[in-house]
Amino acid sequence: MSIARITEISSTSQKSFEDAIQSAVTRATKTLRNVRGAWVKEQQIKIEEGKIVEYQVNLMITFVLDEDDHTDVA
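Going from the sequence shown to the working numbering is simple: count from 1 and add 1300.
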């Protein structure tokens, strides 16, 4: 039996939503062990003078807790 935890992270990019997602996943996997999946909760853009200047995504990252992890998940 596995126990997983979900955490929300936000990432921005000046290039695209895909770049923001990749940056978020790359960063999450440097800090979190056993990352198994993610889904995009929200997407937003920042507009200045009629042009998109920033893409933002909020991701829900799922990772499996280590068997010896005794942290309470509430």
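Every residue, glycine too, gets a C-beta built ideally from N, C-alpha and C. In this text the structure is predicted, and so the values were computed from the model without any measurement.
With C-beta atoms as the reference, is Val1357 less than 7 Å away from Ile1321? yes
Cutoff 7 Å; reference Gln1328; Cβ partners in own chain excluding five residues on either side: The sequence as given places Ala at residue 1328; Gln does not occur at that position. Excluding sequence neighbours, Ala1328 sits near Ile1309, Val1335 and Ile1361.
Can you tell me whether Ser1313 is helix, strand or coil according to DSSP? Here Ser1313 carries a strand assignment [DSSP, helix/strand/coil].
Nearest to Gln1343 by CA position, among Glu1318, Ser1302, Met1301 and Thr1326, is which residue? Glu1318
Taking all protein chains shown into account, do 16 or more other C-beta atoms lie within 10 angstroms of the C-beta of Ser1316, making it buried, or fewer, making it exposed? That one is exposed.
Spatially closest choice to Thr1312 from Thr1331, Asp1368, Phe1363 and Ser1323, by CA coordinates: Ser1323
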